[in-house]
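As you go down the protein sequences, you meet chains P and A in turn.
The opening residue of the first sequence carries number 0 in numbering that gives the first Met the number 0; numbering runs sequentially from there.
The opening residue of the second sequence carries number 0 in numbering that gives the first Met the number 0; numbering runs sequentially from there.
Note that CB positions come from ideal geometry on N, CA and C, so glycine has one too.
Presented below is the structure to which this report refers.
Protein chains: 2
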Amino acid sequence: MVSEFQFINHIKKRFSLDRVGDDCAVLPQNRTTDLLITADLLIEDIDFRVDWSTTEQIGHKTLAVSLSDIAAMGGIPTSAMLSIGVPQKLWDEGFPEAFYRGWHKLASQFGVELIGGDTSRSPDKLVIDSIVLGEIPSGKAVLRSGARQDDAIFVSGTLGGASAGLMLLESGQPKLAKTEKIIDRQLCPFPQVELGKQLRKLGIVTSMIDISDGLASDLLHICEASGVGAVLIAESIPVDPIVLEIADESFQAALNGGEDFELLFTVPESKVSALADLPVTQIGTITSDRGNLEVIRDGTRETLQPSGFQHFS
Amino acid sequence: MVSEFQFINHIKKRFSLDRVGDDCAVLPQNRTTDLLITADLLIEDIDFRVDWSTTEQIGHKTLAVSLSDIAAMGGIPTSAMLSIGVPQKLWDEGFPEAFYRGWHKLASQFGVELIGGDTSRSPDKLVIDSIVLGEIPSGKAVLRSGARQDDAIFVSGTLGGASAGLMLLESGQPKLAKTEKIIDRQLCPFPQVELGKQLRKLGIVTSMIDISDGLASDLLHICEASGVGAVLIAESIPVDPIVLEIADESFQAALNGGEDFELLFTVPESKVSALADLPVTQIGTITSDRGNLEVIRDGTRETLQPSGFQHFS
């Protein structure tokens with residue numbers, strides 16, 4: 000069957016949907032500003048488990064994933080809508096109040112105002128659609144499509160923590176002081192809005208995406224949108240130090256683990272020095288080999304098959 | 000337990016959310032135009048049944064309910080996003096393609112462009128969040144809050160068809176030529192965008208809402224937002240003629256049946272003549288009796304308890 004990525008590409012072509020396919024849609028707002036808008040659908044037992052998180056954490060993560068999309072364009076979030084479908088039992092237990100408390104705590108850090116949405120009953124699973132609007136100076140949104148041959152590939156922060164945290168939750172192992180931090184990365188991610196804005200202001204970033212599906216998958220999204228390929232240097236990928244310590248497959252976690260919500264972006268090789276003071280790491284180079292991802296590890300160059308998260312395969 | 004309306008009022012007060020609570024949120028866009036945005040969450044077996052509709056009809060209705068919210072502000076729809084959570088079985092059967100075909104057919108009638116959204120897997124139920132953006136001249140959005148004492152209350156079209164259509168579907172009776180039209184009102188509603196725009200341009204409409212929960216419930220939303228009451232004349236309510244013919248409780252269907260997606264609005268009594276050529280009917284008058292709905296039927300005046308659709312009670 001087709002994956003959701005293939006389906007979206009199919010309807011984009013069939014109905015000439017030029018604006019679909021980046022982290023946010025970009026619409027002209029006025030003479031100086033473009034409007035950004037993004038939606039993220041989160042479904043219980045697919046995207047989160049209610050028994051692993053506090054209700055406040057679910058509220059936090061709901062907003063964080065959409066703020067991360069605004070960050071990936073270099074934008075500034077402004078307002079939001081929430082559509083929630085709540086099973087009767089969770090409603091009776093006061094779920095919406097606690098959920099909204101967690102949501103609002105993060106929203107107030109970014110000055111994001113709730114302006115609307117919808118509240119519905121759901122037969123069994125909790126369903127949330129998170130919609131966030133943002134602003135950016137006209138024409139300055141950083142798209143996925145601007146990566147060019149020989150651009151350097153960078154990533155912010157460290158990778159693999161969120162997916163290793165998820166594996167720990169799935170294993171049912173008791174929480175340890177050491178592992179709490181990566182479990183937090185899974186349950187309570189922090190969106191890189193400030194860094195995204197800084198990067199956009201430098202004016203040198205040619206493409207950007209947030210890491211939600213996994214480094215390899217999201218890099219492939221950039222490559223496909225830009226009509227280029229990429230080669231990664233395995234040893235330079237900043238694996239989360241806790242993951243390095245505890246996981247057998249730490250490199251796989253960093254390469255294919257989703258939901259780190261770090262920023263993945265490209266800059267021309269000649270401009271790399273402008274990033275010196277930022278918490279970012281160069282991990283590879285854009286090639287002309289369209290749609291082809293490679294990794295050099297222990298001196299060997301091999302093709303990379305992304306196995307990051309997708310809903311349908 | 001609290002209803003969803005009570006909960007929304009509660010968080011509005013608690014977090015000072017001034018923009019929440021109308022059919023659409025209104026945001027300033029530029030010097031001449033405001034942006035409208037609305038979201039509608041539709042969940043299988045709560046808001047629709049996949050075995051009653053064609054997939055194209057589900058796509059049509061998804062967009063129609065949100066276009067109706069734009070209509071209720073007097074706005075012009077421009078673009079849209081779709082978040083869909085699809086069970087694997089429906090995905091494998093090609094649901095998204097047919098759904099999008101039905102959606103796009105209606106969208107193209109209104110020049111609405113799909114600009115984004117999200118596609119996810121859902122464990123068992125189909126879930127759709129429909130987001131529509133629109134435009135309106137600055138400051139001209141028709142809110143729920145402008146109804147004043149002695150304003151005349153109007154409704155467009157006829158009422159009760161959609162809920163009678165739903166009852167027929169629920170009863171499992173075979174479709175008849177006579178009943179097809181009201182079943183279509185339930186499965187394939189048409190949003191009153193053109194009428195909403197005409198009404199707004201007249202400049203005399205003091206408040207407006209679309210009838211999604213039911214005439215009495217939606218009139219109560221206007222009364223609560225405006226700090227007024229209302230009295231309806233039962234005999235003047237335009238009940239769908241097919242409903243009059245086939246339903247024992249045709250008046251109840253018109254009063255409390257949801258999803259007719261007609262427009263309910265108020266105008267000062269002195270301006271009523273401006274509506275002469277429009278397909279609208281005067282059904283009552285706004286009173287100063289805050290939050291109190293009454294109906295005069297067979298010469299008797301009685302208090303009205305809305306029993307229209309709500310998800311939690």
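Exposed or buried, residue i, counting other C-beta atoms within 10 Å across all chains shown (16 or more means buried)?
i, result
"glutamine 191/P", "buried"
"glutamine 5/P", "exposed"
"proline 173/P", "exposed"
"glycine 256/A", "buried"
"leucine 262/A", "buried"
"threonine 302/A", "exposed"
"aspartate 22/P", "buried"
"arginine 289/P", "exposed"
"glycine 110/P", "exposed"
Hey, how far is the Cα of residue i from the Cα of residue j?
i, j, result
"leucine 219/A", "methionine 207/A", "12 Å"
"isoleucine 127/P", "proline 86/P", "12 Å"
"aspartate 39/P", "phenylalanine 47/P", "13 Å"
"aspartate 239/A", "serine 269/A", "28 Å"
"threonine 284/A", "glutamate 244/A", "28 Å"
"serine 306/P", "glycine 213/P", "8 Å"
"proline 76/A", "tyrosine 99/A", "18 Å"
"lysine 88/P", "glutamate 43/P", "14 Å"
"leucine 125/A", "proline 95/A", "11 Å"
"glutamate 169/A", "glycine 156/A", "24 Å"
"isoleucine 135/A", "leucine 194/A", "14 Å"
"glycine 298/P", "leucine 158/P", "22 Å"
"histidine 9/P", "glycine 84/P", "29 Å"
"glycine 101/A", "glutamate 92/A", "16 Å"
"aspartate 217/A", "isoleucine 203/A", "20 Å"
"arginine 296/A", "tryptophan 90/P", "38 Å"
"glycine 171/A", "glutamine 108/P", "52 Å"
"serine 272/A", "valine 266/A", "10 Å"
"phenylalanine 308/P", "lysine 12/P", "24 Å"
"glycine 226/P", "leucine 198/A", "49 Å"
"alanine 252/P", "alanine 252/A", "57 Å"
"leucine 277/A", "valine 154/P", "60 Å"
"aspartate 117/P", "isoleucine 57/P", "17 Å"
"alanine 113/P", "glycine 133/P", "Residue identity check: residue 113/P is leucine in the sequence provided, not alanine. Their backbone Cα atoms lie some 12 Å apart in a straight line."
"glycine 129/P", "glutamate 3/P", "In the sequence on display, residue 129/P carries serine and not glycine. Roughly 19 Å separates the two Cα atoms."
"leucine 41/P", "alanine 224/P", "25 Å"
"glutamate 248/P", "isoleucine 7/A", "46 Å"
"histidine 103/A", "alanine 246/P", "47 Å"
With a Cβ-Cβ cutoff of 9 Å, do residue i and residue j count as a contact?
i, j, result
"phenylalanine 250/A", "alanine 233/A", "yes"
"leucine 201/P", "isoleucine 182/P", "no"
"threonine 32/A", "valine 131/A", "no"
"threonine 280/A", "isoleucine 236/A", "yes"
"alanine 24/A", "glycine 115/P", "yes"
"leucine 34/A", "proline 27/A", "yes"
"methionine 72/P", "valine 19/P", "no"
"alanine 79/A", "serine 65/A", "yes"
"lysine 52/P", "isoleucine 45/A", "The sequence shown places serine at residue 52/P, rather than the lysine named in the question. No."
"leucine 260/P", "valine 1/P", "Checking the sequence, you will find phenylalanine at residue 260/P rather than leucine. Cβ distance not < 9 Å, so phenylalanine 260/P and valine 1/P don't count as in contact."
"serine 82/A", "serine 82/P", "yes"
"phenylalanine 264/P", "isoleucine 152/P", "yes"
"aspartate 123/A", "aspartate 123/P", "yes"
Going by beta carbon distance, what residues of the same chain come within less than 8 Å of residue i, once the five residues before and after it are set aside?
i, result
"isoleucine 241/P", "Gly160, Ala163, Lys177, Thr178, Lys180, Ile181"
"arginine 30/A", "Ser137"
"lysine 196/A", "Ala70, Gly73, Gly74, Ile75"
In its own chain, which residues sit with a C-beta less than 6 Å from the C-beta of residue i, not counting the 5 before and 5 after it?
i, result
"isoleucine 325/P", "Because chain P in this structure spans residues 0 to 312, residue 325/P falls outside the shown range and cannot be described."
"leucine 165/A", "Gln185"
"valine 230/P", "Gly283, Thr284, Thr286, Glu293"
Who are the Cβ neighbours of residue i in its own chain at under 7 Å, not counting the five residues just before and after it?
i, result
"leucine 370/P", "With chain P represented from 0 up to 312, any question about residue 370/P goes unanswered, as that position is not in the structure."
"valine 188/A", "Just to set this straight, residue 188/A is proline in the shown sequence, not valine. Cβ within range, chain order: Lys60, Ala63, Ala161, Glu258, Phe260."
"alanine 215/A", "Leu254, Asn255, Leu292, Leu303, Pro305, Gly307"
"valine 54/A", "Residue 54/A is actually threonine in this sequence, not valine. If we look at threonine 54/A and ignore the five residues flanking it on each side, its Cβ neighbours are Phe94, Ala97, Phe98, Gly101."
Does at least one heavy atom of the ligand ZN sit under 8 Å from the Cβ of residue i?
i, result
"lysine 174/A", "Only the bare structure without any ligand can be found here, which leaves the ligand ZN out of the picture."
Interfacial residues, the region 63–84 of chain P to chain A, with Cβ spacing under 9 Å | Within the region 63–84 of chain P, contact with chain A at the beta-carbon level (separation under 9 Å) is assigned to Thr77, Ser78, Met80, Leu81, Ser82, Ile83, Gly84.
Looking at chain A, which residues of the region 101–125 of chain P have a Cβ within less than 8 Å of any of its Cβ atoms?
-> Hits within the stretch, in order: His103, Glu112, Leu113, Ile114, Gly115, Gly116, Asp117, Thr118, Ser119, Arg120, Ser121, Pro122, Asp123, Lys124.
Residues of the region 32–43 of chain A whose Cβ lies closer than 9 Å to any Cβ of chain P, in chain order = Taking 9 Å as the Cβ-Cβ cut-off, the region 32–43 of chain A approaches chain P at Thr32, Leu34, Ile36, Thr37, Ala38, Asp39, Leu40, Leu41, Ile42, Glu43, given in chain order.
May I ask you to list, following chain order, the residues of the region 160–186 of chain P that have a beta carbon less than 8 Å from some beta carbon of chain A?
-> Within the region 160–186 of chain P, no residue has a Cβ that lies closer than 8 Å to any Cβ of chain A.
Which residues, taken in chain order from the region 126–148 of chain P, show a beta carbon closer than 8 Å to some beta carbon of chain A?
-> Hits within the stretch, in order: Val126, Asp128, Ile130, Leu132.
Residues of the region 44–56 of chain P with a CB closer than 8 Å to any CB of chain A: list them in chain order, please.
-> The residues in question are Asp44, Ile45, Asp46.
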